[in-house]
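Add 35 to a position in the sequence shown, counting from 1, and you land on the number used in our numbering.
For every residue, glycine included, the Cβ atom is placed at its ideal position computed from N, Cα and C.
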Amino acid sequence: MSSKPIIIAPSVFACDFSRIGEEITRIEKAGADWFHVDIMDGHFVDNFTMGPAVTEAIYKVATVPLDVHLMIERPDHFFPRFQPFVRNVTFHVEAPCDTKATARAIRDSGCTAGLAISPPTPFEKVEPFLDQIDLLLVMTVNPGFGGQAFIPETMEKVKAAKKIREQQGLDFHIEVDGGIRPDTARVATEAGANVLVAGTAIFQSQDPVKEIAELRGRE
Ligand code: DX5
Ligand code: ZN
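Here it is as structure tokens:
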């Protein structure tokens, strides 16, 4: 288990968008620590979600921090449009931009910087940047869609990141995203993850208070 506290970050992507404000309030009351905001541009992934205007709307309703996950081709160009509304900006190591410069620009803007890695990408791609980020997002499904099954092999990356964090005295969060439910949350936290993103499991639950407690491993 990681020594860092568990942070539950419900993914707004799974909410009822016809009632987004009420959905945010409902799930925040149920115990959300952050909200995870998935941004897709139809290029980097084969889907669309929301942009800065909807992110601002979430920011106005939520009282917990926003964690934006940019699944877009040009995170270096677009992150400033989201930056005023969020605490953390995560972009993908697979995106065609300068990883080091983008992480630095995000930090210079006053946000924390997260770096995401998709399941097919080898861990070595993120290794050179671990001392320059505040959060490593290990994708546990292929990005683009909610409701997919957790890929257990991704836990090797969580374990490798935890080991390097200890060896090098670093302090970044390890976040997992995709197919997270109480059973897979346990697998992920045992491997070393401390930020749990869950969309379907929380927003579609009949009892989100219980679901969040179970994700934390408290029930
Ligand atoms: C996938 C997104 C996830 C997704 C998680 O590309 O990054 O945040 O919404 O959804 P669930 O929890 O339903 O797998
Ligand atoms: Zn996400």
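Bridge-paired residues (DSSP) for M85: DSSP output for M85 lists no bridge partner at all.
Does the beta-carbon distance from E108 to A130 come in below 8 Å? Closer than 8 Å, so yes.
Hey, is T235 close to ligand 1, as in C-beta under 7 Å from one of its heavy atoms? yes
Contact under 8 Å by Cβ, G214 with Q239: no
Is it buried or exposed for V244, if we count other Cβ within 10 angstroms and need 16 for buried? exposed
Around the Cβ of F52, are there at least 16 other Cβ atoms within 10 angstroms (buried) or fewer (exposed)? Counting the other CB atoms within 10 Å of its CB gives F52 a total below 16, which places it among the exposed residues.
Span separating the alpha-carbon of M36 from that of I209: Confidence in M36 is poor, its pLDDT being 41 and thus under 50, which makes the residue's placement too unreliable to answer from.
Any heavy atom of ligand 1 inside 7 Å of the beta-carbon of I43? no
Checking 8 Å against the spacing of the C-beta atoms, do I55 and A88 come in under that value? Against a cut-off of 8 Å, the Cβ pair of A88 and I55 comes out as no contact.
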